[in-house]
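Protein chains in written order, with the working numbering: chain A, 6 to 161; chain B, 88 to 376; chain C, 179 to 305.
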């Protein structure tokens, strides 16, 4: 079976649309030129949704801690003077990956179903048989943001 | 330096005075959402941008435009389209029974939502056996390409397009939505600067020139309004923005455009005294007005 | 005018709340379809429900079919606000009784446009 993956330009357009709509235009989202396999710095939040049906795959978003906290403040409208707990960050990161994942699903052959988001404080863990078919490395306020798309099975 | 609440109060007072629209306390979110992109473009903060629009009439017009209307929305303001379906189109169908053809001009088409909104209505309401043509013109080649492509992003699709029409007339192509080929066939794209002569366009039963005149100086505005007169077929309709008027024109020009009210929508038609005369001399006789 | 915001994400509910409150609507919130039915049973009588599709316990599609089964709630306007954007899914939601459909991501204007389209406006703006 051939690997069907979203086009990188499409993936980037989806991410930018979601980001600019809900996080804002104030700071740009830039492409980060890093070689494949470059690990993210230690402190990250990650969120994932899976798609099952005509197309099978998982969409994962990994964000530096500061980015996760910053977007959570914007989305939840929490003032910098107020404290933010992990639940708040998990909620916002979950909604972010839900929106990105839902739009990625629409790029792929359907019909298929979208899972509820799973969010963790820490790096994303991928099953050993998952194959990375698209990866977007970005920088926001000089901090890393990574979006990956995995499909089950090994590469061709 | 003005505070956020002072900035909002200033914008709200300005909007009330210039457009009659009321932005009460609590609408800060909407006002900021609409003006922030303009502030970014001008390279300043929201508060500084408000100071800027108080002093700069050109920037003020843009800000008011952004507040009151939505450049990229489908069925923008809704009411004019309702008036088209309920009153203008039935009237035109009666008046054009000999030719069974309706021509519409979206004279500042931007990315094409206006032209395709009309196309959807004609597709639904034009009797069998009738033909139509919608000319979409703009001066921007980028915009004309967009009209030709008939493709829109998710965010653009959300703006005012009823979901029933989305599923009826559009299909998903990658991250975008593409208008149905039979609607695209109804729309002809033309490059046209509104300040240049209108050549080879033919004449129209409906001309839409909404929320565009505000961007022009008074003299240019009047010149455009004058040159629009012969572009309209007898009994045709001319639609400008709800905050725009022909009343500040020189008397002869103001009299040539007759105002009619359809519900809460104001439409313009060529006054009978002017329509009776041959086309070319009208334009000529008015140029000195 | 009253709006019931149904979404499992507090962040999304917060975004929608600010928009509808900004338009002059009173609002209540629910984290899934079942909670939303409870809010309706408790007597909060909204003019419109803004409904996410994918939620735990009861999804938005099921919520719509439940509301449509109850004649008491016939006059309520239902609008999906979801990342679910496959064309077939939109058709399904409309067939089940949704009046409108907004795809995430959306701008505040998109919500305002749709409410206007549905004839729902909280404060009269002079023509």
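Note that CB positions come from ideal geometry on N, CA and C, so glycine has one too.
Please read these numbers as outputs of a predicted model, since none were measured by experiment.
Would you mind reading off the limits of the beta strand (DSSP E) that contains residue 281 of chain C? Taking the third chain and counting its residues from 1, one reaches residue 281 of chain C at position 103. Here the beta strand (DSSP E) through residue 281 of chain C covers 278 to 281.
For a cutoff of 9 Å on Cβ pairs, would you count residue 122 of chain B as touching chain C? Along the second chain, one-based indexing puts residue 122 of chain B at 35. When Cβ-Cβ separations below 9 Å define contact, residue 122 of chain B makes no contact with chain C.
Beta strand (DSSP E) segment containing residue 203 of chain C, residue limits: As a first step, residue 203 of chain C must be located in the third chain, where it is residue number 25. Unbroken run through residue 203 of chain C: none, as it is neither H nor E.
Looking at chain B, is there any beta carbon in it that lies within less than 9 Å of the beta carbon of residue 369 of chain C? Here chain C comprises residues numbered 179 to 305, so residue 369 of chain C is not present and cannot be evaluated.
Other residues of its chain near residue 157 of chain B: CB distance less than 8 Å, five sequence neighbours each side excluded: Numbered from 1 along the second chain, position 70 holds the residue referred to as residue 157 of chain B. Note on residue 157 of chain B: pLDDT 44, under 50, position unreliable in the model; the coordinate value appears next. Around residue 157 of chain B: 163, 246, 247.
Mapping DSSP to helix, strand and coil, what is residue 130 of chain A? Residue mapping note: residue 130 of chain A aligns to position 125 of the first chain, counting from 1. DSSP places residue 130 of chain A in coil when its eight states are reduced to three.
Neighbour list for residue 92 of chain B in chain C, Cβ cutoff strictly below 7 Å: Here the question's residue 92 of chain B lines up with position 5 in the second chain. Here the premise fails: no neighbours, minimum Cβ distance about 15 Å.
Excluding sequence positions up to five away, which residues of its chain have a Cβ less than 7 Å from the Cβ of residue 17 of chain A? Stepping through the first chain from its first residue, residue 17 of chain A is reached at position 12. Excluding positions up to five away in sequence, the list reads 141.
In whole angstroms, what separates the C-alpha of residue 161 of chain B from that of residue 131 of chain A? Along the second chain, one-based indexing puts residue 161 of chain B at 74. Along the first chain, one-based indexing puts residue 131 of chain A at 126. For residue 161 of chain B and residue 131 of chain A, the gap between their C-alpha atoms comes out near 42 Å.
Quick check: what's the CA-CA separation for residue 179 of chain B versus residue 342 of chain B? Counting from 1 along the second chain, the entry for residue 179 of chain B is found at position 92. Counting from 1 along the second chain, the entry for residue 342 of chain B is found at position 255. Looking at the two C-alpha atoms, the distance is approximately 23 Å.
Using a C-beta to C-beta distance shorter than 7 Å, which residues of chain C count as neighbours of residue 251 of chain B? Indexing the second chain from 1 puts residue 251 of chain B at position 164. Taking the beta carbon of residue 251 of chain B as reference, the chain C residues within 7 Å of it are 272, listed in sequence order.
Going by DSSP, name the residue or residues bridged to residue 149 of chain A. Here residue 149 of chain A refers to the residue found at position 144 when the first chain is read from its first residue. By DSSP's assignment, residue 149 of chain A forms a beta bridge with A/144.
Quick check on the burial criterion: 16 or more other C-beta atoms within 10 angstroms. Buried or exposed for residue 147 of chain A? Counting from 1 along the first chain, the entry for residue 147 of chain A is found at position 142. Burial call: exposed.
Determine the chain B residues that contact residue 207 of chain C at a beta-carbon separation under 7 Å, and present them in chain order. For the purposes of this step, residue 207 of chain C is taken as residue 29 along the third chain, with counting starting at 1. Neighbours of residue 207 of chain C on chain B: none; closest Cβ ~17 Å, over 7 Å.
Report the rounded CA-to-CA distance for residue 133 of chain A versus residue 92 of chain A, giving the unit in angstroms. Taking the first chain and counting its residues from 1, the one referred to as residue 133 of chain A is at position 128. Taking the first chain and counting its residues from 1, the one referred to as residue 92 of chain A is at position 87. Looking at the two C-alpha atoms, the distance is approximately 29 Å.
Would you list the residues sitting across from residue 284 of chain C in a DSSP beta bridge? Counting from one through the third chain, the residue named residue 284 of chain C turns up at place 106. The partner list for residue 284 of chain C (beta bridge, DSSP) is empty, contrary to what the question assumes.
Are there 16 or more other CB atoms within 10 angstroms of the CB of residue 145 of chain B, so buried, or fewer, so exposed? Reading the second chain from its first residue, position 58 is the one you call residue 145 of chain B. Classification of residue 145 of chain B: exposed, given that the 10 Å Cβ count is below 16.
Within 10 Å of its beta-carbon, does residue 260 of chain B have 16 or more other beta-carbons around it, so buried, or fewer, so exposed? Translated into positions along the second chain, residue 260 of chain B becomes position 173. Looking at its Cβ environment, which holds fewer than 16 other Cβ atoms inside 10 Å, residue 260 of chain B is exposed.
Could you confirm whether any beta carbon from chain C is found closer than 9 Å to the beta carbon of residue 170 of chain B? Reading the second chain from its first residue, position 83 is the one you call residue 170 of chain B. It does not: the Cβ of residue 170 of chain B has no partner Cβ on chain C nearer than 9 Å.
Applying the 10 Å Cβ sphere with the 16-neighbour rule, what's the burial state of residue 217 of chain C? The residue given as residue 217 of chain C occupies position 39 in the third chain. Residue 217 of chain C is buried by the Cβ-count criterion.
Of the residues that make up the segment 226 to 245 of chain B, which ones have a beta carbon closer than 9 Å to any beta carbon in chain C? When C-beta distances to chain C are compared with 9 Å, the residues of the segment 226 to 245 of chain B below that value are 241, 242, 244, 245, in chain order.
Cut-off 8 Å between Cβ atoms - residues of its own chain near residue 104 of chain A, not counting five sequence neighbours on either side: Here residue 104 of chain A refers to the residue found at position 99 when the first chain is read from its first residue. Within the same chain, residue 104 of chain A has close Cβ partners 23, 27.
Taking Cβ positions only, does residue 323 of chain B come closer than 9 Å to chain A? What you label residue 323 of chain B is simply residue 236 of the second chain in a count that begins at 1. For residue 323 of chain B, not one C-beta of chain A is nearer than 9 Å to its own C-beta.
With a cut-off of 9 Å, does the C-beta of residue 259 of chain B fall near any C-beta of chain C? To locate residue 259 of chain B, count along the second chain from 1; it is residue 172. Any Cβ of chain C closer than 9 Å to the Cβ of residue 259 of chain B would place that residue at the interface, and such an atom is present.
Local conformation of residue 217 of chain C per DSSP, three classes: In the third chain, residue 217 of chain C corresponds to position 39, counting from 1. Correct three-state label for residue 217 of chain C: helix.
Taking only three categories from DSSP, how would you classify residue 183 of chain C? By one-based count along the third chain, residue 183 of chain C stands at place 5. Taken through DSSP and simplified to helix, strand or coil, residue 183 of chain C comes out as strand.
Mind checking residue 237 of chain C: buried by the 16 CB within 10 Å criterion, or exposed? Position 59 of the third chain, counting from 1, holds the residue named residue 237 of chain C. That one is buried.
Closer than 8 Å by beta-carbon distance: list the chain B residues that pair up with residue 295 of chain C, in chain order. What you label residue 295 of chain C is simply residue 117 of the third chain in a count that begins at 1. Within 8 Å Cβ-Cβ: 162, 165, 247, 249.
Go through its chain and collect everything with a Cβ distance to residue 209 of chain B's Cβ below 6 Å, but skip five positions before and after it. Residue 209 of chain B sits at position 122 when you count from the first residue of the second chain. By the criterion of a C-beta distance shorter than 6 Å, residue 209 of chain B is surrounded in its chain by 219, once the five residues flanking it on both sides are discounted.
Assign residue 103 of chain A to one of three DSSP states: helix, strand, or coil. Against the first chain, residue 103 of chain A aligns to sequence position 98. Collapsing the DSSP output to three states places residue 103 of chain A in a helix.
The ligand GDP heavy atom lying under 8 Å from the CB of residue 52 of chain A: As presented, the structure is devoid of all ligands, the ligand GDP included, so that no description of it is given.
Could you tell me whether the Cβ atoms of residue 9 of chain A and residue 60 of chain A are closer together than 9 Å? Against the first chain, residue 9 of chain A aligns to sequence position 4. Against the first chain, residue 60 of chain A aligns to sequence position 55. Closer than 9 Å, so yes.
With DSSP as the reference, please indicate the residues paired to residue 227 of chain C in a beta bridge. To locate residue 227 of chain C, count along the third chain from 1; it is residue 49. Partner(s): C/182, C/256.
Starting from residue 121 of chain A, find everything on chain C with Cβ-Cβ shorter than 8 Å and list it in chain order. Position 116 of the first chain, counting from 1, holds the residue named residue 121 of chain A. Those are 186, 232, 233, 234, listed as they occur along chain C.
Please give me, in chain order, every unbroken run of the beta strand (DSSP E) with length at least 3 that falls completely inside the segment 308 to 357 of chain B. Those beta strand (DSSP E) runs which fall completely within the segment 308 to 357 of chain B and span 3+ residues are 319 to 327, 344 to 349, 352 to 357.
Please classify residue 269 of chain B: is it buried, with 16 or more other beta-carbons within 10 angstroms of its beta-carbon, or exposed? Translated into the one-based positions of the second chain, residue 269 of chain B becomes position 182. Residue 269 of chain B comes out exposed.
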